[in-house]
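So the sequences go chain by chain: A and B. Start counting the first sequence at 619; every next residue gets the next number (my numbering). Start counting the second sequence at 140; every next residue gets the next number (my numbering). Note that beta-carbon positions come from the ideal geometry of N, C-alpha and C, so glycine has one too. Notes follow the structure.
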Amino acid sequence: MTNAWTDIKNTDLVVIMGGNAAEAHPCGFKWVTEAKANRGAKLIVVDPRFNRSASVADYYAPIRQGSDIAFLMGLINHCISNDKVQWEYVKAFTNATFVVKEGYGYQDGLFTGYDEEKRDYNKDTWDYEIGADGYAVVDETLQNPRCVWNLLKQHVAIYTPEMVERICGTPKDKFLKVAEMIGECSTPTKTMTSMYALGWTQHSKGSQNIRGMAMLQLILGNIGVRGGGMNALRGHSNIQGLTDLGLMSNLIPGYLNIPTEKEADFATYMSTRGFKPLRPNQMSYWQNYRKFFVSFMKSMFGPAATAENDWGYQYLPKLDVPGYDVLRIFEMMKQGKVNLYFCQGFNPLQAFPNKAKLAEALAKLKLLVIMDPLQTETARFWEDHGTFNKADPAKIQTEVIQLPTTCFAEDEGSLVNSGRWLQWHWPGGSPPGEAKTDTWIMAQIHLRLKELYKKEGGAFPDPIVNLNWSYKDPGDPTAEELAREMNGSVLADVYDPADPTKKILEAGKQLSGFGQLRDDGTTAGGCWIFSGCWTEAGNMMARRDNSDPGDAGMFLKWSFAWPANRRILYNRASCDLEGKPWDPSRKLIEWDGAKWAGYDVPDIAPTAKPGDVGPFIMNPEGTSRLWVRKMMRDGPFPVHYEPFESPVANVIAPKVRGNPAARVFADDWKQFADIGDPAFPYAGTSYRLTEHFHYWTKNNHVNSVLQPEQFVEISEELAKEKGIALGGWVRVWSKRGELYAKAVVTKRIKPMTIDGKVVHIVGVPIHWGFVGAARKGFPANTLTPFVGDANIETPEFKAFMVNIEPSTGPVVA
Amino acid sequence: MNMELSRRSFLKTSGAGIAGTSLGAFGFGEAEAAVASFIKPFHLANTTEARNTCTYCSVACGIIIYSKGDLRKGEKADIVHIEGDADHPTNRGTLCPKGAALRDIVKSETRLTQPMLRKAGSDTFEPVSWDAALDKIARMMKDDRDANFVATNKDGVTVNRWLTTGFLAASATTNETAFATYKVVRSTGILAFDNQARV
Chain A
619 MTNAWTDIKN TDLVVIMGGN AAEAHPCGFK WVTEAKANRG AKLIVVDPRF
669 NRSASVADYY APIRQGSDIA FLMGLINHCI SNDKVQWEYV KAFTNATFVV
719 KEGYGYQDGL FTGYDEEKRD YNKDTWDYEI GADGYAVVDE TLQNPRCVWN
769 LLKQHVAIYT PEMVERICGT PKDKFLKVAE MIGECSTPTK TMTSMYALGW
819 TQHSKGSQNI RGMAMLQLIL GNIGVRGGGM NALRGHSNIQ GLTDLGLMSN
869 LIPGYLNIPT EKEADFATYM STRGFKPLRP NQMSYWQNYR KFFVSFMKSM
919 FGPAATAEND WGYQYLPKLD VPGYDVLRIF EMMKQGKVNL YFCQGFNPLQ
969 AFPNKAKLAE ALAKLKLLVI MDPLQTETAR FWEDHGTFNK ADPAKIQTEV
1019 IQLPTTCFAE DEGSLVNSGR WLQWHWPGGS PPGEAKTDTW IMAQIHLRLK
1069 ELYKKEGGAF PDPIVNLNWS YKDPGDPTAE ELAREMNGSV LADVYDPADP
1119 TKKILEAGKQ LSGFGQLRDD GTTAGGCWIF SGCWTEAGNM MARRDNSDPG
1169 DAGMFLKWSF AWPANRRILY NRASCDLEGK PWDPSRKLIE WDGAKWAGYD
1219 VPDIAPTAKP GDVGPFIMNP EGTSRLWVRK MMRDGPFPVH YEPFESPVAN
1269 VIAPKVRGNP AARVFADDWK QFADIGDPAF PYAGTSYRLT EHFHYWTKNN
1319 HVNSVLQPEQ FVEISEELAK EKGIALGGWV RVWSKRGELY AKAVVTKRIK
1369 PMTIDGKVVH IVGVPIHWGF VGAARKGFPA NTLTPFVGDA NIETPEFKAF
1419 MVNIEPSTGP VVA
Chain B
140 MNMELSRRSF LKTSGAGIAG TSLGAFGFGE AEAAVASFIK PFHLANTTEA
190 RNTCTYCSVA CGIIIYSKGD LRKGEKADIV HIEGDADHPT NRGTLCPKGA
240 ALRDIVKSET RLTQPMLRKA GSDTFEPVSW DAALDKIARM MKDDRDANFV
290 ATNKDGVTVN RWLTTGFLAA SATTNETAFA TYKVVRSTGI LAFDNQARV
């Protein structure tokens, strides 16, 4: 989230699209209710189902799953065509005025440089025109036909209300009503907030769904303001924190990158990370990259990271592909190329697509290690549960070690919420039986491995034996020690270069923030964006003062928010060019003539004069981006692409199948239903129920009583057509697998007309499996295709094709 | 009777078994004291409180965990109740149907309580000691890493990666656990490293 849960009360219009906050984030949704009750805010829901968020909306519009980009580009087209644009904001705070260099173009669903064989682009032309002064060329008048604004106008022109209806199935009048309500938020005194979740991410073009709305929000001037923003409602209690800390194939904590093998040495690695400003005076804060990186390496390898060995650069592995994401690793596992696999609090047999493929892959491992508080299906993938999990244990040679871990109630530390607040918590109970904390387990594995390498030698022991592990009890580091390490500390005294008698940093002290990080090895810091979380003043994450000056919803003394305790990102953009709030009734910060100050920590240097420095301080442009240069694999603007399995061909680009830049493994192509395949005529989607959390709460008696049994949801029309009765058993199958469930026949789902063709929707809640207190059932991934988003490989769980028939229910052995 | 007593102070006193006396001190008559003596002692009396965060979604509602026994005194603590934290700015004491049932996930019958091993071809898990489990994991990691570590690629560039072992990290553990996990996993050269954010 750019903003905070408590900030939603400041909005005038909530758009829930790509999520279902009332059911999936009920206590956060209360802030929508608050805005409606106290500000007269309106709520729009756009979703394939008339869900519980829709049931309390002021306006609901149906949409076919997987067609969001057409809808969003249609909204942008509407705003541009009807002058619903916050012009001052767009001209000053976005790259609308930047001129794109000759050569870049877009036609028939593809951008310049497409290579069909590689399913990838040569992106050389996707950049700005650079002037003789070394800066990007801009046209303040927006007359240049190659400025971003004019390219955008041209790009979205095809997405007329009629086209939106054809692709999305949203009746034109409903689309126009939504567009009109949204367009009103282009005035500087009206704001809209976007609340989205997996309904946008779980598509082969998920990243571009989100970009589409971000672009709309910029055009309306809604980023950086109270009651505005792009608000990703994250799913797990610390999914934000694990992402911030870089527990992904290609990341280093704080959104730094693991090197690729093209970056043979540190100098080469840094050579593309200069982040030279693209416009005069811009902050381009990533210019400090080297400080973040070197301080991380000092935290990681301590004294073994030296200037001489490039801070241990070669201790880091180098990538030969963009990343070893979960889809790639399970593909490799299926091919027999993976021997050991660890699942720490993770149930991939349920959580990744195409369960049959996952089970086949797991059976090829030598060792599967499970660390979990609960029994999981993955830990028991080798068990035979009849139709729910067919397996022959005698034939599966994988050894499984299952380690019992503590849960939230038994451990101490911080979690990052969706609004980037790091909140500390304390344990309330003793672990059951022999359960241990994950930290203890990781420490024990590390110490044993280190011992083996010291004793026996072996393949490149250096990063293991030199790992900085200077905890009081190396076998069980404390949460405090690790939190202090993430914050960062001073390793050696640092003196003012202008006055060598003046000590500016003292060895042994905690850093007060990332501004103190250095690239000469005198500071260590595990995760630069968390710096400030545990300073000399103590544990800032444990702060519990819930005062809220100005009733602004910021709560600056409650916990700690990254970065720098800032609650609304880009908040400089809440003011006009003179530094006055766009909406004085919703002041956030303002320029007082000498500095920025207000209810939030300014997202700009405190003394940076308004007009000089742009609000998007991380970007070399100083502005936000309506057009993203080479930063997305599938194009600088979003394009409507059909899901890989789809009832119709792509209306705007009939020759393009799926997202043309998404990676697909050969065997998985064979398991996709053809476009418009009569064997799989119905559009399937997966979703969550308010009583359940993923595959956890089926282990909980209370939740299992509330929602004991699996169901699928279909329209009355489809039920009639197929002879399916409410509560009757059905069989649902895709090209990858089948499930049996009871049918819930509702008015909440309606057939849609897509490009002249009637398309029925089948809804599949995800929560069931063969372990737990609820009745046995089938996880939704029995059906879903093995393909991910082109940029970040999040699987396409939300749009796939199935068939359905009445059935007698599963045969239970 | 109109008892304008705060819920907490009333319940504390009755739970402490001095209901009659303190009610008397508040000016109630014998009849009320007699009624009070039949009230079951409040089940949260004599519990310790810990501030925590709901383990499910990222709204991150504040919760209070009530336990018999005090971990801070080195005692065993048994969780008897979990409820919303009214001081928390986001949820202001409220919880959803999942959060309201948190105690039952802590106490789930399918909680794991001891290390287990499933041998190749076996149809069952069998108990194993922590030491045996951890030794086996470290041994197999080392053997696999030594056999499959890629020090240089075909062009002779140092790449120091290990691709035959992968690690999926949790998404409900703390930042501190995540950081410790990051250090251990990355130091081995593992690149197949991912977390729930991927899906």
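- Under the DSSP assignment, histidine 1378 of chain A falls outside any alpha helix (DSSP H); it carries neither an H nor an E label.
- Here the region 253-271 of chain B lies against the region 1017-1035 of chain A, with 3 or more beta-carbon pairs under 8 Å apart.
- Taking the CA atoms as reference points, asparagine 827 of chain A sits about 15 Å from valine 338 of chain B.
- Remark: three or more beta-carbon pairs, one from each stretch, lie closer than 8 Å, so the region 830-849 of chain A and the region 800-819 of chain A are flagged as touching.
- DSSP links histidine 1043 of chain A through a beta bridge to A/Gly1031.
- Residue environment for arginine 242 of chain B: buried (at least 16 other C-beta atoms within 10 angstroms of its C-beta).
- Contact of methionine 810 of chain A with chain B by beta-carbon distance below 7 Å is absent, the smallest such distance being about 21 Å.
- Contact annotation: the region 1083-1091 of chain A touches the region 1068-1075 of chain A, with at least three C-beta pairs closer than 8 Å.
- Within a 10 Å sphere around the beta-carbon of alanine 1191 of chain A sit 16 or more other beta-carbons, which makes this residue buried.
- Not flagged as an interface residue toward chain A: isoleucine 178 of chain B, since no C-beta distance is shorter than 8 Å.
- A distance of 8 Å or more separates the beta carbons of glycine 692 of chain A and proline 789 of chain A.
- In the DSSP assignment, asparagine 314 of chain B falls within the alpha helix (DSSP H) that extends over 314-326.
- Taken atom to atom, the span from the alpha-carbon of lysine 1175 of chain A to that of asparagine 965 of chain A is near 37 Å.
- When CB distances to chain B are screened at a threshold of 8 Å, the residues of the region 1149-1176 of chain A falling below it are Arg1162, Asn1164, Asp1166, Phe1173, Trp1176, in chain order.
- Taking a beta-carbon distance threshold of 8 Å, glutamine 1020 of chain A counts as an interface residue toward chain B.
- Residue pairing by DSSP puts leucine 869 of chain A in a beta bridge opposite A/Asn875.
- No Cβ-Cβ contact shorter than 8 Å links leucine 1195 of chain A with asparagine 713 of chain A.
- Under DSSP, the beta-bridge partners assigned to alanine 1179 of chain A are A/Trp1039.
- Across the structure, glutamate 1103 of chain A and serine 917 of chain A are spaced so that their CA atoms are roughly 7 Å apart.
- Counted as a single uninterrupted DSSP element, the beta strand (DSSP E) harbouring methionine 635 of chain A occupies residues 631-635.
- Comparing alpha-carbon positions, the option among A/Tyr777, A/Leu1187, A/Pro1022 lying closest to aspartate 1056 of chain A turns out to be A/Pro1022.
- Below the 7 Å Cβ cutoff, chain B contributes Val323 as neighbours of histidine 1064 of chain A, in chain order.
- In the assembly as shown, methionine 901 of chain A is a buried residue. Its beta-carbon has 16 or more other beta-carbons within 10 Å.
- Residue state for methionine 1370 of chain A is assigned as strand, using DSSP reduced to three classes.
- By the criterion of at least three beta-carbon pairs nearer than 8 Å, the region 1159-1168 of chain A is not in contact with the region 854-868 of chain A.
- Secondary structure note for leucine 690 of chain A: it is in no beta strand (DSSP E), and the uninterrupted alpha helix (DSSP H) holding it is 686-699.
- Within the model, the alpha-carbon separation for isoleucine 1207 of chain A versus alanine 1215 of chain A is close to 5 Å.
- Think of a sphere of 7 Å around the beta carbon of valine 987 of chain A: the chain B residues whose beta carbon falls inside it are Ile276, in chain order.
- Bridge pairing for tyrosine 814 of chain A: A/Ala850 [DSSP].
- Where glutamate 1074 of chain A is concerned, there is no enclosing beta strand (DSSP E), although the alpha helix (DSSP H) around it starts and stops at 1056-1074.
- Shown here for alanine 1280 of chain A: same chain residues with a beta carbon closer than 8 Å to its own, the five before and five after excluded, namely Arg737, Ser822, Lys823, Asp1252, Phe1262, Val1405, Gly1406, Asp1407, Ala1408 in chain order.
- Selection A/Asn1105, A/Gly1139, A/Ala1179, A/Asp1094 evaluated against aspartate 1111 of chain A yields A/Gly1139 as nearest (Cα-Cα).
- Chain B has no Cβ within less than 8 Å of the Cβ of leucine 874 of chain A.
- Under the DSSP definition of a beta bridge, phenylalanine 1290 of chain A lacks any partner.
- The Cβ of arginine 852 of chain A sits closer than 8 Å to at least one Cβ of chain B.
- The beta carbon of glutamate 248 of chain B falls within 8 Å of a beta carbon belonging to chain A, placing the residue at that interface.
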